[in-house]
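What follows is a single structure, written as structure tokens, with notes after it.
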Amino acid sequence: GSGAGNISLGLLTTTSSSSTAISVNADNGVSGTIITDINAGSTNISAVNGGVVLVARSSIGGTSDATALEIVAATLDASNFSNSMFLNLESDISISNLSITTQANFIGTGNITQTGAITATALTANVTGGVTLENTSNNVTSVSISATGNIDYIDADAFTVNTTNSVVGVSSSGGSINLSTSGNLTVSSNITISAGTGTVALNADSEKNAVGDLIISGTVTVNTNNNALTLQGADVDFSAATSVSSGSAAT
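Each residue of the sequence shown is one higher than the one before, starting from 9 at the first, in my numbering.
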């Protein structure tokens, strides 16, 4: 559906098993709830404008960034999600619930925030904007984030900074990076501040009960663009790192 004004939906359920595009557009916004049950590989919903709750029942956004679902100003509620998710943001998104057994991938322009926990095998974001995911119940195995603003991520237990879908480690071109967990934090891909005055803080064992180690391993560079670097863990091991650099003394 489309229109020049508002579209108000009590409930819209969409289903597609082919490459047919489903579009919901309104210049002044869409309100209501959209429930999608769309198979992987379909074009899916091409644009959702306004404050929409998107409840995904099946695969969404195809299988790569090229087929990512374009979404505008939405709240994401996706529970018991069994397939990969690819979302192309055109404005900010708030995650109220995200439970996925494989990958959750975000690209595009907009800030990513949350009001509820994220559970996923892999979380990947490549966005123009910031990423603020500080729910202490987050449970993600692998994290890869590239952003222009601040990156703040908290996990309930062990996670690894990795490279997924061409997103190399965690990097910001204009903000700070703060990663925290009460368990082990393993850095197996680069962490980079490429511009600005942002700092890097890698905090394992955030509850300081001597159960979480910070491990920087492999061909990895931690570069803070000559700004402050903080490393925290029950044990801090960067013996296998390629380089750990900062303009001021690491703490």
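Glycine residues also receive a C-beta, built at the ideal position from the N, C-alpha and C atoms.
- For G124, same chain residues with a beta-carbon under 6 Å away, outside a window of 5 residues either side, are S104, N105 in chain order.
- Per DSSP, G116 is one residue of the beta strand (DSSP E) stretching across 111 to 117.
- Shortest Cα-Cα distance from N158 to any of N233, N234, S181, S150 involves S181.
- Only buried fits D213, as 16 or more other CB atoms lie within 10 angstroms of its CB.
- Of the residues G118, K216, N186, the one whose Cα lies closest to the Cα of S102 is G118.
- Assigned with DSSP and collapsed to three states, S102 falls in strand.
- Between G220 and A166, the gap from beta carbon to beta carbon is short of 9 Å.
- Residue N186 holds the alpha-carbon nearest to the alpha-carbon of E142 among N186, D245, T129.
- Residue environment analysis places S92 among the buried positions, since at least 16 neighbouring C-beta atoms fall within 10 angstroms of its C-beta.
- Sorting N146, V135, S251 by C-alpha distance to the C-alpha of S179 places V135 at the top.
- By the Cβ neighbour-count rule, N234 is exposed, with fewer than 16 other Cβ atoms within 10 Å of its own.
- Straight-line measurement puts the Cα of G191 at about 12 Å from the Cα of S145.
- T205 is classed as exposed because its beta carbon has fewer than 16 other beta carbons within 10 Å across all chains shown.
- Around the beta carbon of S197, 16 or more other beta carbons sit within 10 angstroms, so the residue counts as buried.
- With respect to the C-alpha of T171, the residue from G183, S188, T149 having the closest C-alpha is T149.
- Of the other Cβ atoms in all chains shown, 16 or more fall within 10 Å of the Cβ of A86; this residue is therefore buried.
- Per DSSP, V178 is one residue of the beta strand (DSSP E) stretching across 178 to 180.
- Per DSSP, A164 lies in no beta strand (DSSP E) segment and is marked neither H nor E.
- V169 and T189 have their alpha carbons spaced roughly 12 Å apart.
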